[in-house]
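Novice: One structure is given below, represented as structure tokens, and several questions about it will come after.
Protein chains: 2
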Amino acid sequence: MAEKFASERNIKFLLYEVFDVASLLQYPYYSEHSVEMFDIITDTSMKIGRDLLKPCLMEMDKEPPEFANGTVKVHPVVRTFMQECGEGGWISSIAPFESGGQQLPHMIDFIPRFIFAAANYSASVYPMLTTEAALLIESFGSEELKNTYVPNMFAGKWQGTMALTEPQAGSSLADIATTAEATDKGYYKMRGQKIFISGSEHNGVDNVVQLLLARIKGAPAGVRGISLFVVPNKRFDEQGTLVPNDVNVTGIYHKLGYKGCPICQLSLGEEDDCRGYLVGEPNKGLGYMFQMMNAARIGIGLGAAAIGSAAYYASLEYSRERPQGRRSTEKDPTIPQVPIIEHADVKRMLLFERAVVEGALSFLMQCSKYSDLKMVLTGEEKEKNALLLDLLTPVAKSYPSEMCVWSVSQGLQCLGGYGYCDEFPLEQYYRDVRIHPIHEGTTGIHGITLLGRNVSIQNGKAFQLYLEEINRAIREAEGFAELKDYASELKDATAKLEKTTSCLLSIAKEKGQDVFLADATLYLELFGIVSIAWQWLLQAIAATRALRNQLTEEDVLFYEGKIYTFRYFFGYELVKIEGLVKRLSRTDGLTVDMKQEHFFDGM
Amino acid sequence: MAEKFASERNIKFLLYEVFDVASLLQYPYYSEHSVEMFDIITDTSMKIGRDLLKPCLMEMDKEPPEFANGTVKVHPVVRTFMQECGEGGWISSIAPFESGGQQLPHMIDFIPRFIFAAANYSASVYPMLTTEAALLIESFGSEELKNTYVPNMFAGKWQGTMALTEPQAGSSLADIATTAEATDKGYYKMRGQKIFISGSEHNGVDNVVQLLLARIKGAPAGVRGISLFVVPNKRFDEQGTLVPNDVNVTGIYHKLGYKGCPICQLSLGEEDDCRGYLVGEPNKGLGYMFQMMNAARIGIGLGAAAIGSAAYYASLEYSRERPQGRRSTEKDPTIPQVPIIEHADVKRMLLFERAVVEGALSFLMQCSKYSDLKMVLTGEEKEKNALLLDLLTPVAKSYPSEMCVWSVSQGLQCLGGYGYCDEFPLEQYYRDVRIHPIHEGTTGIHGITLLGRNVSIQNGKAFQLYLEEINRAIREAEGFAELKDYASELKDATAKLEKTTSCLLSIAKEKGQDVFLADATLYLELFGIVSIAWQWLLQAIAATRALRNQLTEEDVLFYEGKIYTFRYFFGYELVKIEGLVKRLSRTDGLTVDMKQEHFFDGM
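Chains as they are written, first to last, in our numbering: chain A, 1078 to 1680; chain B, 1078 to 1680.
As structure tokens, then:
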């Protein structure tokens, strides 16, 4: 079984050399922390990942949660891990001190999340969801809600969830039909069905708190009539004892992967006794929920990159150890075979994995930095970081999700027949990672968000800020002779993205929304490739700078390896924009004009 | 559960309208057949697929073969199906009458294979392997071998296999180490290990016949010392009773998918009593085996396209029935939702699936036609068809295998969360189809075969013949005003392929084999896209011609649907060559120069 699942060396390279997390310490909000503490967090996370989570990876897959007697039995590690996350402050890490949190930068909070997900994605979801749900109550809930729920969630005793999807309302949240009927006792009576809700009931915690979207009776149709509620599976009675709240699991899903975390169907109010507590104001629920959804979307990107990382190291280890074949110039069949990593095609596959995973990770850390700067800066600078984060969230969710499906597949391919068998973890990673283009909004939805909304935010201001960010990296790279050609390639690619964007925006006016948005998914793909190229240029700048110093042999190999991977991305991945730009320039409306009857070809 | 898995209408369109299978009836070898009989074969295959195979699809996945007491227990349908295949003549269909076969064209034999694989891929492998193994004995075995084995195999009573892989010899067949020691009794004593052998022992037949590569003691090292043997799991004793032949199953693999067919590890000669029977001459085994390998490679492409077809229809059915969301121009949330097929992005995904599946199918049928013409023509014409088949076999194996992994993934995506759950068959198709880029030579191996060997066959003659084939289609398309622009696009793409090929061949001289072959996998991808574009142009010609006739409304929709899918392929897929051509023009040797130590990034 492959051991390594993430690289501390790479994490520290990104944190300190590319994104200079130490620069955040100058701001009062983060000033109580130190680089030493950041290192301890990384080291401790690796230890938990290695000793607690990774050993259960396959077991949680082979023995998935069981639904019986109204509850869901999960692997015992869930309770241990949730306790550890509570006691270690991992769940509350980005919450402010005054709310009982650790007030850590997002860039640092990012590290345990990534490491836990790389060690065992299913396990990592439990605390991650709890954090996001608790922060949502913190942001918009009443003092009573905060006091009742948040401390138990931060302590890892109670699970948090996000309960949006219903049988008729998946991508289309406007169609949410779960109802909330006001009472004169301060709560609402809830009634409805929720489906596909991760972690919504299990025996690894003492209670589950659903952050749930529903419609108050009489509310307007569509998204303007959706409110946010806290609906616990158990509520306190007058004696302060936890009693059932009429939230009933009606089934759990049998899934391709991501099996260690139960996804349930819930029925609310079967006995007319399900109480929900309104968060914030009525009919503003979707807006509130976007705080959790946006954080969760970056979390999904991170989860995908994490599985990609684990798969990369598993295939790297195999490729170093498996002897097979000889160099193409070697004709003597009696000399020993070489490890397959010596074959250019295997190196190409490993480089693809590494370029995708480390590029995605860099991009996600970039987004975390925007979150941090948005927190500590003010005025125009604050707004700038908020706009960039908003613009890039669909990319942060979708690029890792889509591309790590392919990078894990290449990892599996490195192992040949063994990759297809369950003695090695690749086949599980391949199944686990496939959830990411689906949950928290499918890739198609994010394409429409990016092209249909985000690039036009404030008349294109966010997009302009993004182009400036890239241009700053290009100008810096131009200062290094070794990087000049690459800087110019990225300049060219960015110009193509800009031109494609304005062409498409003019199409919106000429041919209408349907044609404009028809290939939004491909636009998202184009945007993603350019973004990751930008991140690789930033990494190349840091590596080139480092290589000018006196270094150990190990460090030389590390930075040279970064440069090779950077060159791989530009040479093999960035070129893919050529086909995308060509396609996007032809807005022929093919998929709009074609009728569904044209798929008819007999019974 | 989705019902449709393949389209008879499309099969007949390809057979009769694109490839004119009836034209084969003019040759004496095929003259006893008729179009009516071809139709009956298609109809009967659909019936077997629908009534016998499809109903067991999920069951065979959920209850995979079990290894116990030295044998492997498979689903009872295997025995029924093998019997039916024997009685119906499906196993022997392309064998000549004189060998007990049906003497059917490959293009027709192709149909039941495709249909069975679309209905239930695992089940389809049993007769497919048996056919190929029996034909190998027919081609190179002694009369005694033929008489002993072939009739039982054609009757579906005995299973055939191909036994190549060993622990140290997967992609590298030169390293095969199983030994054969001559005796004076007409047989060899076999000793060694084989791994990853599909169907190599099971209770669905009375005996298994391994077509096995081994090394006669004292044979030269490498591929020139490999011989081909028949090694049955049971042999006849002197009384004519079947007795064990010391072929021992030591384990079966637990796989990601393709679970209905057991893949075993075998140990030969543990008790020094395993008899093998030499096929043909000593040390020529690999050459003989290539007959079976090449047929099996086209079979793998077919299997991938078949799973792709089943996934396409399952996602099409879902997309037609699932209401979700409204058109992007519709702002009223109270009007009913539309079926998701009305969304351009869903149509795009379905078109991707259809374009890949029907394009691959067309290309595979093209290859079958070359097989048929090679059989019935003589002299230069025979050689021409043989060369084309040889050139294109790696593409026929790899394009469907690689692209149907993607197309099934898009099918799964159409279903959103349901695609990830086992109530729908997509997640199984996604697991099943992933074997194809691995078995019968990985995609990397086929890239090296295409670029390193095939395009240079007879000084590039095969490649020139291929270009002529495409040019003939282009000239024909130029006769239709509607197709002129597309013909010119394909001309441009073909010119790029030709130029890339000669650039790469000159690199071989300048920079050596390693750099030349470093991106052979990407060359294969480029070659595949151009080939499928050619096939779509052929289909567009047939559809355009048909649309000039008086047609039923159904037929109009069918042919228009073909034209939309053709336009999709040119608009969305053919453009991908731009990035590939750009990459392949930069032979910077990145993956050759980079050392494995550059992947080092800490423990």
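Even for Gly, the Cβ is constructed at its ideal location relative to N, Cα and C.
#1: For Val1202 (chain A), decide whether its Cβ has a neighbour in chain B, counting only Cβ atoms nearer than 8 Å.
#2: Hey, out of A:Asp1665, A:Ile1654, A:Asp1632 and A:Leu1667, whose CA is closest to Arg1086 (chain A)'s CA?
#3: Using DSSP with H/G/I as helix, E/B as strand and the rest coil, what is Gln1287 (chain A)?
#4: Could you give the DSSP three-state label for Gln1270 (chain B): helix, strand or coil?
#5: Give the straight-line distance between the Cα atoms of Pro1132 (chain A) and Lys1576 (chain A), rounded to the nearest whole angstrom.
#6: Could you tell me whether the segment 1400 to 1408 of chain B touches the segment 1443 to 1458 of chain B, where touching means 3 or more Cβ pairs closer than 8 Å?
#7: Got a sec: is the Cβ-Cβ distance from Asn1087 (chain A) to anything in chain B below 8 Å?
#8: Assign Phe1174 (chain B) to buried or exposed, taking buried as 16 or more other Cβ atoms, counted over all protein chains shown, within 10 Å of its Cβ.
#9: Find out if the Cβ-Cβ distance for the pair Thr1470 (chain B), Ile1377 (chain B) is shorter than 8 Å.
#10: With the cut-off set at 8 Å, would you say Tyr1264 (chain B) and Gly1353 (chain B) are in Cβ contact?
#11: Since I believe Ser1277 (chain B) is in contact with Val1285 (chain B) (beta carbons under 8 Å), could you give me their beta-carbon distance rounded to a whole number of angstroms?
#12: Okay, do the segment 1354 to 1368 of chain A and the segment 1162 to 1169 of chain A touch, 3+ Cβ pairs below 8 Å being the bar?
#13: Taking the straight line between their C-alpha atoms, what separation do you get for Val1485 (chain B) and Arg1511 (chain A)?
#14: Can you name the residues of chain B whose CB is closer than 7 Å to the CB of Met1671 (chain A)?
#15: Cβ atoms of Phe1646 (chain A) and Ala1623 (chain A): under 8 Å apart, would you say?
#16: Please list, in chain order, the chain B residues whose beta carbon lies closer than 8 Å to that of Glu1637 (chain A).
#17: Identify each residue in the segment 1324 to 1353 of chain B for which the Cβ-Cβ distance to at least one residue of chain A is less than 7 Å, and report them in chain order.
#18: What does the alpha-carbon distance come out to for the pair Gln1368 (chain A) and Ala1195 (chain B)?
#19: What's the gap between the Cα of Cys1162 (chain A) and the Cα of Leu1222 (chain A)?
#20: Cβ atoms of Leu1206 (chain B) and Met1239 (chain B): under 8 Å apart, would you say?
#21: Does the CB of Asp1591 (chain A) have a neighbour CB from chain B at under 8 Å?
#22: Which whole-angstrom value describes the C-beta separation of Cys1351 (chain B) and Val1308 (chain B), a residue pair presumed to lie in contact below a C-beta threshold of 8 Å?
#23: Does Gly1376 (chain B) get closer than 8 Å to chain A when you measure Cβ to Cβ?
#24: Using a C-beta to C-beta distance shorter than 8 Å, which residues of chain A count as neighbours of Ala1617 (chain B)?
#25: Taking contact to mean 3 or more Cβ pairs, one atom from each stretch, closer than 8 Å, check whether the segment 1514 to 1528 of chain B and the segment 1536 to 1549 of chain B are in contact.
#26: Give the single residue among A:His1110, A:Glu1080 and A:Val1151 whose Cα lies nearest to the Cα of Asp1128 (chain A).
#27: Return the chain-ordered list of same chain residues with a C-beta closer than 8 Å to the C-beta of Gly1328 (chain B), the five sequence neighbours on each side being excluded.
#28: Provide the residue span of the alpha helix (DSSP H) that contains Ala1685 (chain A), from first to last.
#29: In chain order, what residues of the segment 1597 to 1615 of chain A put their CB closer than 9 Å to some CB of chain B?
#30: Can you list, in chain order, the residues of its chain with a C-beta nearer than 7 Å to that of Arg1431 (chain A)? Leave out the 5 residues immediately preceding and following it.
#31: If you check the beta carbons only, do Val1095 (chain A) and Ala1421 (chain A) fall under 8 Å apart?
#32: So Arg1312 (chain B) is in the beta strand (DSSP E); what residue range does that whole segment cover?
#33: Would you kindly report the start and end of the unbroken alpha helix (DSSP H) that includes Ala1681 (chain A)?
#34: Using a C-beta to C-beta distance shorter than 7 Å, which residues of chain A count as neighbours of Glu1504 (chain B)?
#35: For the beta strand (DSSP E) that Cys1481 (chain A) lies in, which residues bound it at each end?
Specialist: The structure says:
#1: With 8 Å as the cut-off, Val1202 (chain A) does not count as an interface residue toward chain B.
#2: A check of alpha carbon separations from Arg1086 (chain A) across A:Asp1665, A:Ile1654, A:Asp1632 and A:Leu1667 identifies A:Asp1632 as the nearest.
#3: strand
#4: strand
#5: In a straight line, the C-alpha of Pro1132 (chain A) is about 50 Å away from that of Lys1576 (chain A).
#6: no
#7: yes
#8: exposed
#9: no
#10: yes
#11: The Cβ separation is near 6 Å, so the contact holds.
#12: no
#13: 12 Å
#14: Lys1424 and Tyr1641
#15: no
#16: His1675
#17: Tyr1330, His1331, Lys1332 and Leu1333
#18: 45 Å
#19: 22 Å
#20: Taking 8 Å as the Cβ cut-off, Met1239 (chain B) and Leu1206 (chain B) qualify as a contacting pair.
#21: yes
#22: Cys1351 (chain B) to Val1308 (chain B), Cβ: 7 Å. Contact.
#23: No - not a single Cβ of chain A is within 8 Å of the one on Gly1376 (chain B).
#24: Neighbours of Ala1617 (chain B) on chain A: none; closest Cβ ~14 Å, over 8 Å.
#25: no
#26: A:Glu1080
#27: Phe1144, Cys1341 and Gln1342
#28: Beyond the ends of chain A as shown, which are 1078 and 1680, falls residue 1685 (chain A); an answer cannot be given.
#29: Ala1597, Thr1598 and Leu1599
#30: Counting only Cβ-Cβ distances below 7 Å, and skipping sequence neighbours, we find Tyr1389 and Thr1642.
#31: no
#32: Taken as a continuous stretch (DSSP letters only), the beta strand (DSSP E) holding Arg1312 (chain B) covers Lys1311 to Phe1313.
#33: The requested residue 1681 (chain A) does not occur in the structure, where chain A is confined to residues 1078 to 1680.
#34: Leu1333
#35: Element bounds for Cys1481 (chain A): not the beta strand (DSSP E) but the alpha helix (DSSP H), Gly1456 to Cys1491.
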